[in-house]
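Under full-length UniProt numbering, the first residue of the sequence shown carries the number 1, and numbering increases by one thereafter.
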Amino acid sequence: MPANAEDDLISLADESTVTSSVSSSSIATTSSKTVANGRSPVKRDSFSHLAVMMKAKKPYTPISPPSPRIPLSIAFNSMQFASRVSSGSSILSPLARSYHADGSVAQFLQEQARSPPTAVNPPTSDYSEQKMQRLESMLEELDEIPVDDEEDDNDIVQSAHANKASVQPLLPGFEPLTTFPTRTGLVTSPTPADSTEPQRLPADHVSRIIMHAWETMGRDLEVLEEENRALELKIARLQKLRVVPPGRSSDQEEELHTEIGRLKYQNEQNKTQKATMARTLSQKDVEIKQLQLDLDASKHAVELAERAATTYAEVVSERDHLQAQLGDDRISNSCLLEDLIQAKDREIQIFTQQIDDLQEVARRSKEEGPNREPKNLAEVRLEALNKCEKQLKSVNAKYATEHARVNELEDLVESFQLKLEQAGDLQAQLSQKSADCDRWRTKYKNQEKMVETWKRQIERAADENTCLRGAAHLVKPAIASKLSPVVMSCSECYAKNINCDNKARCRNCTENNEDCARWRCSLRHHLGQCARVPCTFPHGEDGWLLAPEPRPQW
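Set out below in structure tokens:
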């Protein structure tokens with residue numbers, strides 16, 4: 001029961017009926033535990049400490065939401081359902097005592113501690129130990145009997161749900177619970193006008209329960225009733241079907257059922273294990289495929305890395321070559337520039353010396369005083385300027401010469417670079433030509449070998465056909481050729497030791513779809529004529545060997 005419902009139940013009663021109200025609110029839980037285990041001893045319980053809370057709490061009027069009423073047709077194990085008003089005689093625990101407001105709370109607690117424990121009468125119920133033992137034994141036998149009745153069980157359950165009213169008669173000893181409580185159901189909530197009036201206790205004892213617990217217990221009761229009917233019908237059916245073979249004791253029957261149950265359990269375990277193994281194998285296959293994909297991706301990445309490393313090595317080697325070439329060019333150019341700088345430094349020193357001389361001349365001219373003639377001074381300065389101009393022109397000419405020389409050297413460097421590039425191209429062409437020469441040399445050697453072979457064959461053929469004398473070849477006759485009646489049999493008929501005719505393709509080879517080859521003189525076959533008379537093998541004009549006498553039978 002929720003906490004707010006307990007608060008509502010506690011606050012509706014006065015101090016004299018508080019304890020009974022609290023006990024009635026929890027009677028459903030206590031009764032359900034009693035049904036589950038009717039033989040368990042009752043524990044000592046006391047809720048007297050709630051008296052302080054009940055005394056301090058102010059009463060108020062709760063307003064419960066409207067909800068539909070659910071009727072209950074059958075009471076479950078004589079369970080007492082609570083109504084809106086609780087009875088004064090209801091208890092929460094067998095050893096608990098109701099609190100009366102005559103004295104203080106401390107006196108009430110002392111009296112309860114001094115009072116001896118009294119025997120508790122268990123609640124009356126329809127529980128029967130013999131019936132429960134019989135039901136348990138029937139359920140055990142039902143589990144041990146190997147009967148394929150899944151479809152029958154489904155039909156039984158469907159019929160039980162469809163026809164709740166028309167149920168077959170139960171087994172002897174199983175009777176439905178038909179006892180009804182004095183008052184069941186919900187009491188309508190009070191109106192605002194009624195809630196202000198003092199509560200009137202009914203003459204009979206009425207218990208109360210909230211709507212949530214009422215609906216839950218009603219649904220549980222209906223489910224339990226349906227399950228009980230289905231189990232009883234199933235037990236009756238199995239007892240009718242159960243037949244013990246003659247000559248077999250009940251112990252043997254039980255052992256047989258036990259062994260069958262064990263084998264069924266092992267079979268289920270094996271099925272579960274196989275399913276688990278199949279799932280594990282499928283997972284492993286997926287992991288293997290994923291690893292293979294990862295491995296392929298890694299191989300592809302490694303190949304790309306190797307290609308990149310090869311390209312990088314080629315680029316690095318080319319860079320080192322270019323850096324070395326550039327360093328050589330810089331060294332040569334730096335030597336030329338140093339020589340040019342030294343020459344220019346010498347020229348600058350010369351010009352500086354000349355300027356110093358001119359300054360010295362000017363200083364002396366100033367010291368000689370104004371008595372010196374201006375004409376001589378102008379001539380001297382003009383001569384000095386002309387001399388400086390000549391020197392400047394010579395310096396410019398030298399600078400132009402050196403600059404032209406530097407340009408020539410740069411052109412030489414560029415030409416050298418072009419020549420180096422041409423040398424690389426020529427080296428590549430040379431390697432290609434060398435490969436072509438090797439290929440042509442190999443081809444020439446092969447041609448020489450073929451020529452020698454042909455020469456030997458020509459010499460062998462020109463030696464008066466020595467190789468073909470006294471030889472015979474297996475040749476397939478033409479379709480239109482006509483053979484002698486005494487021609488030698490074909491190779492297939494000779495090997496099979498059967499008679500052969502004189503057709504281009506004998507009957508045996510035609511029926512068996514085989515090649516019909518006959519012996520023919522080599523000179524007549526290759527050269528078109530046989531000059532030997534007589535020939536080693538007797539043959540006709542067409543060269544096919546003849547049988548001088550009938551072939552012996554094997």
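All residues carry an ideal CB built from backbone N, CA and C; glycine is no exception.
Residue i - DSSP class collapsed to helix/strand/coil
{"i": "A531", "result": "coil"}
{"i": "V475", "result": "strand"}
{"i": "L545", "result": "strand"}
{"i": "I70", "result": "Reliability of the predicted coordinates at I70 is poor, the pLDDT of 45 falling under 50, and no value is obtained from them."}
{"i": "R520", "result": "strand"}
{"i": "V487", "result": "strand"}
{"i": "G185", "result": "No answer about G185 holds up, because its pLDDT of 44 lies below 50 and its placement is not dependable."}
{"i": "G540", "result": "coil"}
{"i": "I498", "result": "coil"}
Beta-carbon contacts of residue i that lie in its chain and below 8 angstroms, excluding the five residues immediately before and after
{"i": "P477", "result": "L483, A504, R505, C516, R518, W544"}
{"i": "L385", "result": "none"}
{"i": "E254", "result": "E144"}
{"i": "R346", "result": "none"}
{"i": "L420", "result": "Q325"}
{"i": "H539", "result": "R520, C521, R524, C530, L545, L546"}
Alpha-carbon spacing of residue i relative to residue j, whole angstroms
{"i": "T178", "j": "N228", "result": "Low per-residue confidence applies at T178: pLDDT is 43, beneath 50, and the placement is therefore not dependable enough to give any value."}
{"i": "N376", "j": "N333", "result": "50 angstroms"}
{"i": "N407", "j": "I341", "result": "16 angstroms"}
{"i": "E226", "j": "M217", "result": "14 angstroms"}
{"i": "T536", "j": "E549", "result": "16 angstroms"}
{"i": "A404", "j": "D425", "result": "31 angstroms"}
{"i": "L546", "j": "P485", "result": "9 angstroms"}
{"i": "P2", "j": "R219", "result": "Because P2 sits at a pLDDT of 41, beneath the cut-off of 50, its placement in the model cannot be relied upon, and the following sentence gives the value as read from the coordinates. Spanning the two alpha carbons is a distance of roughly 18 angstroms."}
{"i": "L238", "j": "R262", "result": "20 angstroms"}
{"i": "T352", "j": "K390", "result": "15 angstroms"}
{"i": "W440", "j": "C493", "result": "53 angstroms"}
{"i": "V136", "j": "E215", "result": "It is worth fixing the name first, because residue 136 is Glu in this sequence and not Val. Taking the straight line joining both Cα atoms gives about 29 angstroms."}
{"i": "Y399", "j": "Q427", "result": "41 angstroms"}
{"i": "N508", "j": "R520", "result": "20 angstroms"}
{"i": "Y312", "j": "E318", "result": "10 angstroms"}
{"i": "L293", "j": "E287", "result": "10 angstroms"}
{"i": "I350", "j": "L337", "result": "20 angstroms"}
{"i": "A472", "j": "V487", "result": "14 angstroms"}
{"i": "Q447", "j": "E541", "result": "41 angstroms"}
{"i": "V395", "j": "D356", "result": "18 angstroms"}
{"i": "G327", "j": "K344", "result": "25 angstroms"}
{"i": "T276", "j": "Y265", "result": "16 angstroms"}
{"i": "N270", "j": "M211", "result": "49 angstroms"}
{"i": "V315", "j": "R307", "result": "12 angstroms"}
{"i": "K274", "j": "L256", "result": "27 angstroms"}
{"i": "A423", "j": "T442", "result": "28 angstroms"}
{"i": "L304", "j": "L295", "result": "14 angstroms"}
{"i": "C500", "j": "S491", "result": "10 angstroms"}
{"i": "A297", "j": "A435", "result": "38 angstroms"}
Other residues of its chain near residue i: CB distance less than 6 angstroms, five sequence neighbours each side excluded
{"i": "I479", "result": "A504"}
{"i": "Q354", "result": "none"}
{"i": "C530", "result": "C521, L523, R524"}
{"i": "T30", "result": "The predicted position of T30 is uncertain, since its pLDDT is 41 and thus under 50; a value taken from the coordinates is nonetheless stated next. If we look at T30 and ignore the five residues flanking it on each side, it has no Cβ neighbours."}
{"i": "E402", "result": "L340"}
Contact set for residue i: own chain, Cβ-Cβ below 7 angstroms, skip 5 residues either direction
{"i": "V451", "result": "none"}
{"i": "M138", "result": "I235"}
{"i": "Q168", "result": "Because Q168 sits at a pLDDT of 42, beneath the cut-off of 50, its placement in the model cannot be relied upon, and the following sentence gives the value as read from the coordinates. L233."}
{"i": "L358", "result": "A384"}
{"i": "D329", "result": "V413"}
Open item on the list: Check whether the region 313-322 and the region 412-430 are in contact - that is, three or more C-beta pairs closer than 8 angstroms.
Closed with: At 8 angstroms Cβ cutoff, the stretches do not touch.
TODO: Check whether the region 355-366 touches the region 377-385, taking contact to mean three or more Cβ pairs, one atom from each stretch, closer than 8 angstroms.
DONE: Of all C-beta pairs linking the region 355-366 to the region 377-385, three or more are shorter than 8 angstroms, placing the two stretches in contact.
Open item on the list: Ignoring anything shorter than 4 residues, give me the alpha helix (DSSP H) runs that lie fully in the region 426-451, in order along the chain.
Closed with: Taking only runs of at least 4 residues, no alpha helix (DSSP H) segment lies wholly in the region 426-451.
TODO: Evaluate contact between the region 466-474 and the region 525-542, counting only Cβ atoms and requiring at least three cross-stretch pairs below 8 angstroms.
DONE: The answer is yes - the region 525-542 touches the region 466-474, with three or more Cβ pairs under 8 angstroms.
Task: Ordered list of alpha helix (DSSP H) runs contained in the region 297-354, each at least 4 residues - done: With a minimum length of 4 residues, no continuous alpha helix (DSSP H) run stays inside the region 297-354.
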